[in-house]
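Every position in the sequence shown, counted from 1, becomes a number in our numbering once 15 is added.
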Amino acid sequence: MMNFSRISHTAYNRLPHIETQSPPSDSGLREIGKLLVEHCISKEVGISLLHRHFDLKEDEVMVHNGLRCSPSHLSEPDADSLNPSSFFLSSNGDFQAYEYESSDDEPLDEILTTAFLEDLSDVLKIHQLEDRIAISKLNQDHDRLMEHCEVEERAHVCQPMRGKIEAREATEWKFEEVGDAHVVPVAVKGCARTGEGQHKVK
Numbered sequence: 016m017m018n019f020s021r022i023s024h025t026a027y028n029r030l031p032h033i034e035t036q037s038p039p040s041d042s043g044l045r046e047i048g049k050l051l052v053e054h055c056i057s058k059e060v061g062i063s064l065l066h067r068h069f070d071l072k073e074d075e076v077m078v079h080n081g082l083r084c085s086p087s088h089l090s091e092p093d094a095d096s097l098n099p100s101s102f103f104l105s106s107n108g109d110f111q112a113y114e115y116e117s118s119d120d121e122p123l124d125e126i127l128t129t130a131f132l133e134d135l136s137d138v139l140k141i142h143q144l145e146d147r148i149a150i151s152k153l154n155q156d157h158d159r160l161m162e163h164c165e166v167e168e169r170a171h172v173c174q175p176m177r178g179k180i181e182a183r184e185a186t187e188w189k190f191e192e193v194g195d196a197h198v199v200p201v202a203v204k205g206c207a208r209t210g211e212g213q214h215k216v217k
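Here you go:
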């Protein structure tokens, strides 16, 4: 169910841009949230709006290092130590890693079980969310983050923020249990949009 091979730059460059994506319906969010809670991984795992910011060149993948995500060459010495941090459901039915991290924390692929991925695949197909939703590790150090892009570096950088993330800016959610069998989505990451629908840039 999981494809651990490094995503090619051509496959990554076919991922949708942020301006073409919109948040999933509330019912879709809650269905996925119930799965995360039922499989006891809602503290570690959330869902993201599947999108890219920049094109990659050959031999590059996007790598998270702290609050910064930028291209890294697969030919670099530490490339073999990279772990997947985000997966999306590909057209062949596998969950393909498309962003990675250099971290000693438990890898996302060791948190996700086959049973969960099978259930998630069914829900994504029912709600037609295969091209809109990714599954990602939650940031354990910050409650809410706002993202901006550094165009020249082809990087996106998150900054801790206070207050609520507006629904139109939300790009990542965690899920909280409220009462018996009631799951609520909470936006934990957003992007400040410009008038053209793009990320705010520095």
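Note that the Cβ used here is the ideal one computed from N, Cα and C, for glycine as well. Please read all numbers here as calculations on a predicted model, not as lab measurements.
Residue i, DSSP secondary structure in three states
i, result
"GLU162", "strand"
"ALA207", "coil"
"VAL199", "strand"
"LYS179", "coil"
"HIS24", "helix"
"GLU168", "coil"
"ASP156", "coil"
"SER42", "helix"
"LYS49", "helix"
"LYS217", "Reliability of the predicted coordinates at LYS217 is poor, the pLDDT of 48 falling under 50, and the value obtained from them is presented with this limitation in mind. Here LYS217 sits in coil by DSSP."
Expected contact under 8 Å - CB spacing of residue i and residue j to nearest Å
i, j, result
"PHE103", "MET17", "Not confirmed; about 11 Å, so no contact."
"ARG45", "PRO175", "Rounded, the Cβ-Cβ distance is 27 Å, inconsistent with contact."
"GLU162", "VAL172", "7 Å"
"PRO86", "GLU73", "About 11 Å separates the two Cβ atoms, so there is no contact after all."
"SER203", "ARG147", "For the sequence presented, residue 203 should be read as Val rather than Ser. With 8 Å as the limit, VAL203 and ARG147 do not qualify as a contact, their Cβ atoms being about 17 Å apart."
"ALA185", "PRO38", "6 Å"
"ILE22", "ALA94", "Actually they do not touch by this definition, with Cβ atoms about 13 Å apart."
"GLY48", "VAL198", "4 Å"
Identity of the residues DSSP links to residue i by a beta bridge
i, result
"MET17", "PHE110"
"ILE148", "LEU64"
"GLU192", "VAL198"
"GLU187", "SER63 and LYS204"
"HIS32", "ARG67"
"GLN143", "Answer by DSSP bridge pairing: none, since GLN143 is not bridged."
"GLN174", "MET161"
* Unbroken stretches of the beta strand (DSSP E), 3 residues or longer, contained in the region 54-141 -> 60-64, 75-80, 83-88, 98-104 and 110-116
* Answer yes if the region 63-76 comes into contact with the region 25-42, meaning at least three C-beta pairs across the two stretches below 8 Å, and no otherwise. => yes
* Report yes or no: do three or more beta-carbon pairs, one from the region 34-43 and one from the region 70-89, lie closer than 8 Å? => no
* Asked: Taking three-plus beta-carbon pairs below 8 Å as touching, is the region 51-58 in contact with the region 95-102?
  -> no
* **Touching by the beta-carbon criterion (3+ pairs, under 8 Å), the region 109-129 and the region 148-166** => yes
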